[in-house]
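So the sequences go chain by chain: A and B. Residue numbers for the first sequence follow the working numbering, beginning at 391 and rising by one. Residue numbers for the second sequence follow the working numbering, beginning at 391 and rising by one. We put the CB at the ideal spot given by N, CA and C, even for glycine.
Number of protein chains: 2
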Amino acid sequence: MYQIGIDIGGTNIKLGLLDEALELVAHSSVPFPHTTAEDMAGTVGAGVRALLQAHGAALEAVESVGAVVPGSIDASGETVIDAHNLDFHDVPLRRLLAAQFPGIPVRIANDANGAALAELYRGAFVGCRTAVLLTLGTGLGGGIILGGRMFNGGMNHGVELGHAYLVDGGEPCTCGNRGCMESYCSATALAREGRAAMRRAPESLLWQKAGGSEAHVDARLVTDCAKAGDPAARAAFNVYVEHLSSACASVFNILDPEVLAIGGGLCGAGEFLFEPLRALVSRKCFYDTHGKIVPALLGNDAGMIGAALLGRDAEG
Amino acid sequence: MYQIGIDIGGTNIKLGLLDEALELVAHSSVPFPHTTAEDMAGTVGAGVRALLQAHGAALEAVESVGAVVPGSIDASGETVIDAHNLDFHDVPLRRLLAAQFPGIPVRIANDANGAALAELYRGAFVGCRTAVLLTLGTGLGGGIILGGRMFNGGMNHGVELGHAYLVDGGEPCTCGNRGCMESYCSATALAREGRAAMRRAPESLLWQKAGGSEAHVDARLVTDCAKAGDPAARAAFNVYVEHLSSACASVFNILDPEVLAIGGGLCGAGEFLFEPLRALVSRKCFYDTHGKIVPALLGNDAGMIGAALLGRDAEG
């Protein structure tokens, strides 16, 4: 029997097939059709049937289907309330996908929740009862494992860790509030700090590499220039790590997880990020013996693998 | 059979007897001896034996003993790491109490955790699977119910909700960090805002009532003057409620509890506090359909009742 995982992104939709050992035995990718949600469901159905056929498997051998989206799901698990990158608003996604896979249970979830689930079965959280994933990207995604299962909020509203306050009244956030974790800890926030640092230091390496153009400053460039020893980029990076460490300390003080994993492109900075981060968190956290801080292991496949595991988690 | 609950405070130790229906059938109070922890345990043992005798019950009829302290407990549940008001540091409290009650299981916990447990069995959280208690006092205590049981942190380090960040880098906190929820949402924080408001408005009602003395400004006076319409006190109260609403919104965005209960003396302000609080939280929270915000129900007995329930919760 197989589990199908679908990671619906604004550019591509990733499709994956997990076998009973939870190994990813086949996967493919189809472009996201920017037409209607019905078209999207049809594209997914055709893509999955093609993937099964190429693998020599029948639809009858599929035990469950899971899909994740970068957005919020309603408490009944039926509808995508908002997924801005997909332009999905109040889309009955579970029903649309279920129509493509008659007789097979279909579940949907937020992609960061799915990624945390993937880390639980196959990555940084294996063996954990309590664990937290923070994904540092355009936004700040968060997934929580409690009691060895995906935590979808006490009322099933999902988890919006990125929109817990970090600096109440501070930088504006995409959600409309000011000072969310997301507005200080996302890759976007590091780029913002980098732009501010560049304005203050027009002769810096950061300025040179960006050709003096703020549009060329992203989290990667700030990190690279900081690694190269540029004082302006270093200052921006330090401000960022200071705030990220506060967010991590808050997570430990509230949930006391065995493992806190950091995902997203910024993890590529490796120990240049993790070493100062761990030192600051240990200084700020209430307990010296808090859990580990590690890079997430599954990278870009995490959402797809987690989607395939939604059925397994629901039974567990 | 009876459950014994012990709430150890820096002034008094409260002792309570719960019957099988979880009714508080007898209780007493003894002064906290500021000598040694051994003396304290002896005082508790004698107090409990007297309470049982007065109720016509034998020690053999006691099923379990629980004690709560205003401080942090080690992960093994044996030792009070720090309880500043008791001057307890690395005190093996569980063992000291167990020596007073041979053959009876003894458990210890943080008092805010205990209070949350009491609300679960007898108060604002009855029937809840997920709930959060914030106690607004000198500090900010927090207790979390998950899966219908007391959550003591993923690694059993306890929950330090009051030391999640709210304004990273802001007001100094007793824990050594800057900007914890406690430093903006405790009753102490409201008094601080009130003093600042008084300095800015020397002709205010707040100034008159306090006789111009900052030492006379406490959370109660600020609240009373705000209720009376004093603009200076009103401004201080509004700043406080703004921050408290951000803390509550963070709790909803992270844990999505069915009920968030607010305890502590400030609850006496009633709807004057709760009405603007609910309005601000609804504006800030990611979901319109978030859980209820209510006053805690058990008041000063919550810690003692929760202590008595530690055994029941551990079995549950």
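Can you tell which of the options has the C-alpha that lies nearest to the C-alpha of residue i?
{"i": "G504(A)", "options": "F478(A), S462(A) and L487(A)", "result": "S462(A)"}
{"i": "K674(B)", "options": "V557(B), H633(B) and T426(B)", "result": "H633(B)"}
{"i": "F627(A)", "options": "Q598(A), G456(A), E665(A) and V452(A)", "result": "E665(A)"}
{"i": "V557(A)", "options": "T564(A), G548(A), R568(A) and V549(A)", "result": "R568(A)"}
{"i": "E428(B)", "options": "V516(B), S418(B), A616(B) and Q490(B)", "result": "Q490(B)"}
{"i": "S635(B)", "options": "F515(B), L650(B) and G467(B)", "result": "L650(B)"}
{"i": "M694(A)", "options": "G400(A), L407(A) and T401(A)", "result": "L407(A)"}
{"i": "L596(B)", "options": "S576(B), M540(B), D620(B) and A609(B)", "result": "D620(B)"}
{"i": "T469(B)", "options": "G456(B), P460(B), L483(B) and V458(B)", "result": "L483(B)"}
{"i": "A411(B)", "options": "A431(B), Y511(B) and V629(B)", "result": "Y511(B)"}
{"i": "N690(A)", "options": "I398(A), Q393(A) and M391(A)", "result": "I398(A)"}
{"i": "A623(A)", "options": "G493(A), R589(A), I652(A) and V459(A)", "result": "R589(A)"}
{"i": "M571(A)", "options": "A488(A), G531(A) and L700(A)", "result": "G531(A)"}
{"i": "E661(B)", "options": "Q393(B), P647(B) and I683(B)", "result": "I683(B)"}
{"i": "G544(A)", "options": "A448(B), P592(B) and V641(B)", "result": "V641(B)"}
{"i": "Q443(B)", "options": "F422(B), A587(B) and H417(B)", "result": "H417(B)"}
{"i": "L487(A)", "options": "A579(A), G467(A), E593(A) and A637(A)", "result": "G467(A)"}
{"i": "G563(A)", "options": "S576(B), F676(B) and V629(B)", "result": "The identity of residue 563(A) in the sequence shown is Cys, whereas the question assumes Gly. Ranking S576(B), F676(B) and V629(B) by Cα distance to C563(A) puts F676(B) first."}
{"i": "P460(B)", "options": "G681(B), T528(B) and V522(B)", "result": "T528(B)"}
{"i": "D646(A)", "options": "R702(A), S672(A), I471(A) and H553(A)", "result": "S672(A)"}
{"i": "A587(A)", "options": "Y630(A), G548(A) and M391(A)", "result": "Y630(A)"}
{"i": "C638(B)", "options": "V522(B), H479(B) and A508(B)", "result": "V522(B)"}
{"i": "G681(A)", "options": "A698(A), P492(A), G655(A) and E648(A)", "result": "E648(A)"}
{"i": "V434(A)", "options": "A457(A), L687(A), V415(A) and G658(A)", "result": "A457(A)"}
{"i": "E561(B)", "options": "A591(B), I535(B), P421(B) and E583(B)", "result": "E583(B)"}
{"i": "P421(B)", "options": "A436(B), E413(B), L414(B) and L524(B)", "result": "A436(B)"}
By a C-beta neighbour count over all protein chains shown, 10 Å radius and 16 as the cutoff for buried, is residue i buried or exposed?
{"i": "D477(A)", "result": "exposed"}
{"i": "N500(A)", "result": "buried"}
{"i": "E604(B)", "result": "exposed"}
{"i": "T613(B)", "result": "buried"}
{"i": "D678(A)", "result": "exposed"}
{"i": "A440(B)", "result": "exposed"}
{"i": "H424(A)", "result": "exposed"}
{"i": "T401(B)", "result": "exposed"}
{"i": "E550(B)", "result": "buried"}
{"i": "A451(B)", "result": "exposed"}
{"i": "H474(A)", "result": "exposed"}
{"i": "R497(A)", "result": "buried"}
{"i": "E705(B)", "result": "exposed"}
{"i": "E333(A)", "result": "Absent from the structure is residue 333(A), since the part of chain A shown begins at 391 and ends at 706."}
{"i": "A600(A)", "result": "buried"}
Please state whether DSSP places residue i in a helix, a strand or coil.
{"i": "P621(A)", "result": "helix"}
{"i": "L688(A)", "result": "coil"}
{"i": "A447(A)", "result": "coil"}
{"i": "S573(A)", "result": "helix"}
{"i": "G531(B)", "result": "strand"}
{"i": "T425(B)", "result": "coil"}
{"i": "Y677(B)", "result": "coil"}
{"i": "G395(B)", "result": "strand"}
{"i": "V434(B)", "result": "helix"}
{"i": "V516(B)", "result": "coil"}
{"i": "L699(B)", "result": "helix"}
{"i": "L441(A)", "result": "helix"}
{"i": "L663(A)", "result": "helix"}
{"i": "E453(B)", "result": "strand"}
{"i": "L412(B)", "result": "coil"}
Given 7 angstroms as the limit, tell me if residue i has its C-beta closer than that to any heavy atom belonging to the ligand ATP.
{"i": "V496(B)", "result": "Looking at this structure, you won't find the ligand ATP or any other ligand, since it has none at all."}
In the DSSP output, what is residue i paired with across the bridge?
{"i": "V671(A)", "result": "Looking at the DSSP assignment, V671(A) forms no beta bridge with any residue, so it has no partner."}
{"i": "A521(B)", "result": "I535(B) and V649(B)"}
{"i": "V420(A)", "result": "I403(A)"}
{"i": "A499(B)", "result": "V458(B)"}
{"i": "L526(B)", "result": "L530(B)"}
{"i": "I644(A)", "result": "Partner(s): none; I644(A) has no beta bridge."}
Determine which residues of the segment 673-693 of chain A have a Cβ less than 8 angstroms from any Cβ of chain C, and write them out in chain order. Going by chain labels, chain C is absent from the structure shown, which instead holds the protein chains A and B.
As an exercise, report each continuous beta strand (DSSP E) stretch of at least 3 residues that is fully enclosed by the segment 461-494 of chain A, in chain order. 470-473 and 478-481
For a minimum of 4 consecutive residues, which ranges assigned as the alpha helix (DSSP H) are wholly contained in the segment 539-614 of chain A? 572-575, 577-590 and 595-599
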